[in-house]
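> Taking the UniProt record's numbering, the leading residue of the sequence shown gets 1, the next gets one more, and so forth.
Every residue gets a Cβ at the ideal spot worked out from N, C-alpha and C, and that includes glycine.
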Amino acid sequence: MIDNHDHMEVSTFQKPKDGNDYSGDSYFYFESEDFFICALADGLGSGEVAKASSEVVIDVIKDHVYSPIDDLLSKCNQEFLGNDRRGSVLGILKIDYHKQSYSYVSLGNVGIIVMPTEGRKQRNIPVSGYLSGIPFQTKVQRGAITPGTVFFMFSDGVDERQLTKEFYNNQSMPLTIEWFALRQEVTLKDDTTLIAMKYTG
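1) For residue 239 versus residue 53, is the C-beta distance shorter than 8 Å?
2) Closest by CA to residue 71, which one among 138, 199, 35 and 158?
3) Between residue 58 and the rest of its own chain, which residues show a CB-CB distance below 8 Å, the 5 nearest in sequence each way excluded?
4) Would the stretch 146-155 count as touching the stretch 127-134 if we require 3 or more Cβ pairs under 8 Å?
5) Go ahead and pull the three-state DSSP assignment for residue 82.
6) So the candidates are 44, 4 and 121; which of them puts its Cα closest to the Cα of residue 113?
7) To the nearest angstrom, how far is it from the Cα of residue 86 to the Cα of residue 109?
8) Is residue 195 helix, strand or coil when you go by DSSP?
9) Between 68, 37 and 2, which has its C-alpha nearest residue 13's C-alpha?
10) Who pairs with residue 39 in a beta bridge, going by DSSP?
11) Mind checking residue 77: buried by the 16 CB within 10 Å criterion, or exposed?
12) Can you look up residue 33 in the DSSP assignment and give me helix, strand or coil?
13) Between 44, 115 and 60, which lies nearest to residue 84 when the distance is taken from Cα to Cα?
14) For residue 105, which residues in the same chain have their Cβ closer than 6 Å to its Cβ, ignoring the five residues on either side in sequence?
15) Tell me the residue span of the beta strand (DSSP E) that contains residue 87.
16) Does DSSP classify residue 121 as helix, strand or coil?
17) Please confirm whether residue 61 and residue 102 have their CB atoms less than 8 Å apart.
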């Protein structure tokens with residue numbers, strides 16, 4: 001199923017690893033007149049402990065959606081300072097409608113792929129580490145978009161090569177998500193979240 005917005009189409013899949021009632025992944029997306037933002041957090045550990053860490057991150061982003069990506073990362077990191085939370089990895093994508101541009105950053109094992117309407121796919125190289133309250137250096141990746149540009153954001157358990165191959169074969173976000181969901185009927189070793197987003201212009 002596609003969640004249609006003014007300038008974006010979004011399709012998602014999420015499933016906890018085998019044996020768990022809770023997924024340690026949390027995600028959030030939001031569209032304003034000026035921009036679209038999507039974030040995916042993967043809490044360290046598993047089950048409720050991991051879920052608690054990832055939800056803290058997403059709550060911060062919900063409360064500060066108008067902040068720049070760098071500021072969002074800093075605010076999220078501060079939530080793990082001086083407490084017993086396990087930490088979390090995080091990916092953030094932001095699309096500026098006026099500038100016709102995107103920016104993204106990934107800390108840890110959250111993958112982000114850009115599928116332009118022309119040219120080759122672009123894969124982010126995540127910064128190693130996780131949100132823990134300790135300062136870190138990141139690099140925000142930026143680029144231009146055109147109507148039809150597709151973004152994939154995902155946590156552990158996603159075979160990137162197979163995912164992009166299936167998308168190229170189908171040229172359809174819903175069919176790609178459906179294909180992925182069918183493949184996940186087997187036992188999962190990790191919590192898995194896949195978010196597909198298309199800029200419609």
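A quick look at the data gives this:
1) Because the chain is modelled from 1 through 201, residue 239 falls outside the range shown and cannot be assessed.
2) Sequence index remark: in the sequence shown, residue 71 carries index 71 (1-based). Minimum Cα distance to residue 71 is reached at 138.
3) As a working mapping, residue 58 is identified with position 58 in the sequence shown. Excluding sequence neighbours, residue 58 sits near 26, 27, 28, 39 and 41.
4) no
5) One-based indexing of the sequence shown puts residue 82 at position 82. If DSSP states are grouped into helix, strand and coil, residue 82 belongs with coil.
6) Start at 1 with the first residue of the sequence shown, and residue 113 comes out as number 113. Nearest option by C-alpha distance: 121.
7) Translated into positions along the sequence shown, residue 86 becomes position 86. Translated into positions along the sequence shown, residue 109 becomes position 109. Spanning the two alpha carbons is a distance of roughly 15 Å.
8) Residue numbering aside, residue 195 sits at position 195 when the sequence shown is read from its first letter. Strand.
9) The sequence position of residue 13 within the sequence shown is 13, counting from 1. Cα-wise, what sits closest to residue 13 is 2.
10) Within the sequence shown, residue 39 is the residue found at index 39, counting from 1. DSSP, once it has assigned bridges, lists 28 and 92 as partnering residue 39.
11) The residue you call residue 77 lines up with position 77 of the sequence shown. Classification for residue 77: buried.
12) Start at 1 with the first residue of the sequence shown, and residue 33 comes out as number 33. Correct three-state label for residue 33: coil.
13) By 1-based counting over the sequence shown, the position of residue 84 is 84. For residue 84, the nearest C-alpha among the options comes from 44.
14) Mapped onto the sequence shown, residue 105 falls at position 105. Around residue 105, the same chain offers 69, 92, 138 and 140 as residues with beta carbons nearer than 6 Å, after the five sequence neighbours per side are excluded.
15) Residue numbering aside, residue 87 sits at position 87 when the sequence shown is read from its first letter. Taken as a continuous stretch (DSSP letters only), residue 87 belongs to no beta strand (DSSP E), as it is neither H nor E.
16) By one-based count along the sequence shown, residue 121 stands at place 121. Of the three classes helix, strand and coil, the one that applies to residue 121 here is coil, per DSSP.
17) Counted from its first residue, the sequence shown places residue 61 at position 61. Counted from its first residue, the sequence shown places residue 102 at position 102. Taking 8 Å as the cut-off, the Cβ atoms of residue 61 and residue 102 do not count as close.
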